[in-house]
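The structure appears right after this line, and notes come after that.
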Amino acid sequence: MSRGSSAGFDRHITIFSPEGRLYQVADSRSQVQRARYEAANWKYKYGYEIPVDMLCKRIADISQVYTQNAEMRPLGMILIGIDEEQGPQVYKCDPAGYYCGFKATAAGVKQTESTSFLEKKVKKKFDWTFEQTVETAITCLSTVLSIDFKPSEIEVGVVTVENPKF
Numbered sequence: 001m002s003r004g005s006s007a008g009f010d011r012h013i014t015i016f017s018p019e020g021r022l023y024q025v026a027d028s029r030s031q032v033q034r035a036r037y038e039a040a041n042w043k044y045k046y047g048y049e050i051p052v053d054m055l056c057k058r059i060a061d062i063s064q065v066y067t068q069n070a071e072m073r074p075l076g077m078i079l080i081g082i083d084e085e086q087g088p089q090v091y092k093c094d095p096a097g098y099y100c101g102f103k104a105t106a107a108g109v110k111q112t113e114s115t116s117f118l119e120k121k122v123k124k125k126f127d128w129t130f131e132q133t134v135e136t137a138i139t140c141l142s143t144v145l146s147i148d149f150k151p152s153e154i155e156v157g158v159v160t161v162e163n164p165k166f
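166 is the number that UniProt numbering gives the last residue of the sequence shown; the numbers go up by one with no jumps.
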């Protein structure tokens with residue numbers, strides 16, 4: 001009995017396949033559901049929205065506990081939000097419970113190459129327009145994956161203070 005796809009990819013290990021298919025959506029949804037629960041619980045207790053760094057810390061603490069049980073699947077995530085005082089923020093939380101803030105980051109198989117590419121771009125200039133940000137993200141994907149994307153192959157979602165719905 002084969003557990004993988006015709007390309008030899010094991011569908012039971014990761015969320016995204018090399019073919020671009022999405023697997024194990026339930027794992028991602030459980031992380032999102034937990035983050036929403038933590039954010040709602042914070043607002044109920046303290047009366048204001050949870051800061052992005054505090055939400056990431058809470059999720060990291062929960063993820064670290066998952067590593068102590070063999071039956072629990074440890075998950076990582078990238079959390080993006082807009083703080084009223086500090087502005088846009090990006091945090092990355094790994095399955096071991098470590099979390100850190102970034103100006104730009106990546107996750108997945110080519111994470112190291114992507115992060116290196118983004119670090120070089122961010123060092124040169126960080127105050128980007130919307131178009132420059134999207135262009136840099138697509139260029140990073142294209143460069144690291146060695147693929148020339150067609151416009152019909154890419155979909156970009158943007159969240160701003162003015163338009164907070166994704």
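Where is the CB? At the ideal position from N, CA and C, for every residue including glycine.
Proximity below 8 Å, CB of residue i to CB of residue j
i           : j           : result
residue 76  : residue 90  : no
residue 97  : residue 64  : yes
residue 126 : residue 92  : no
residue 113 : residue 144 : yes
residue 81  : residue 52  : yes
residue 59  : residue 40  : no
Reduced DSSP secondary structure (H/G/I, E/B, other) of residue i
i           : result
residue 149 : coil
residue 83  : strand
residue 26  : helix
residue 160 : coil
residue 39  : helix
residue 70  : coil
residue 57  : helix
residue 165 : coil
residue 135 : helix
residue 62  : helix
residue 48  : coil
Own chain residues within Cβ distance below 8 Å of residue i, not counting five before or after
i           : result
residue 43  : 49 and 50
residue 68  : none
residue 170 : Since the displayed the chain opens at 1 and closes at 166, residue 170 lies outside it and no answer follows.
residue 150 : none
Proximal residues to residue i (C-beta, below 6 Å), its chain only, five neighbours per side dropped
i           : result
residue 79  : 56 and 91
residue 110 : 144
Residues of its chain near residue i, where Cβ-Cβ distance is below 7 Å and the 5 sequence neighbours each way are ignored
i           : result
residue 161 : 82
Kindly confirm or deny that the stretch 151-160 and the stretch 130-139 touch, where touching means at least three C-beta pairs closer than 8 Å. yes
If you scan the stretch 74-130 from start to end, which runs of the beta strand (DSSP E) of 3 or more residues do you find wholly inside it? 77-83, 87-93 and 99-102
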